[in-house]
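Q:
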Amino acid sequence: MAELNVDETITKYESFINDVLKEDLRQLHQRLQGVNAEISDLIQQKHTLKVITDKQTHPHGFKTQVNIGCNFFMEAEVPDTSTLLMNIGLNHYLELSIEEANKYLDVRIKAYEKKAEELQQKAAETKAHIKMMLFGIGELQNSASGKKS
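Just remember that the working numbering sits 5 ahead of the position in the sequence shown, which is counted from 1.
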């Protein structure tokens, strides 16, 4: 009877590990990938901002092509790059100076890095829980095999 309870307990622990903890870990990794993609995008925006505002490379502004819809492009010339419109979320745009845009991007990058750090910490805790559960299962199996002898 006790051996049956140990086997049931081990089965419950294994299903908890597979159904709950590993699923939580998978979701944390997906969220972490999304946050890392957002950080990468913000760093790319910061680099683009640096390139288009470089007065040595573009002393009189620059020329570009703008998508006006349905993949139709129109040539545009930007003579003054001292201010720009930046999407600050929910499709709201704000006119910012170059310094303000850099500060805004730095703040966003730091916020996402903090979020990534929190997710990494949660993932490490979940991995530790899985290892502890596996250790507990091993102890149960050892105690069950010790009682058989």
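Just so you know, even glycine gets a beta-carbon here, dropped at the ideal spot from N, CA and C.
Taking the alpha-carbon of Gly-94 as reference, which of Asn-41, Leu-110, Thr-69 has the nearest alpha-carbon?
A: Checked all of Asn-41, Leu-110, Thr-69; the closest Cα to Gly-94 is Leu-110.
Q: Look up Val-25 in the DSSP assignment and say whether it is helix, strand or coil.
A: Here Val-25 sits in helix by DSSP.
Q: Using alpha carbons as the reference points, say which of Lys-132, Ser-150, Gly-141 lies closest to Gln-32.
A: The shortest C-alpha separation from Gln-32 is found at Lys-132.
Q: Roughly how many angstroms separate the alpha carbons of Gly-151 and Ala-129, rounded to a whole number?
A: Those two C-alpha atoms are separated by around 33 Å.
Q: Check whether the region 68 to 80 touches the region 138 to 149, counting contact only when three or more Cβ pairs, one atom from each stretch, lie closer than 8 Å.
A: Judged by Cβ distances under 8 Å, the region 68 to 80 makes no contact with the region 138 to 149, as fewer than three pairs qualify.
Q: From the DSSP secondary-structure annotation, give me the bridge partner or partners of Thr-69.
A: Looking at the DSSP assignment, Thr-69 forms a beta bridge with Ala-81.
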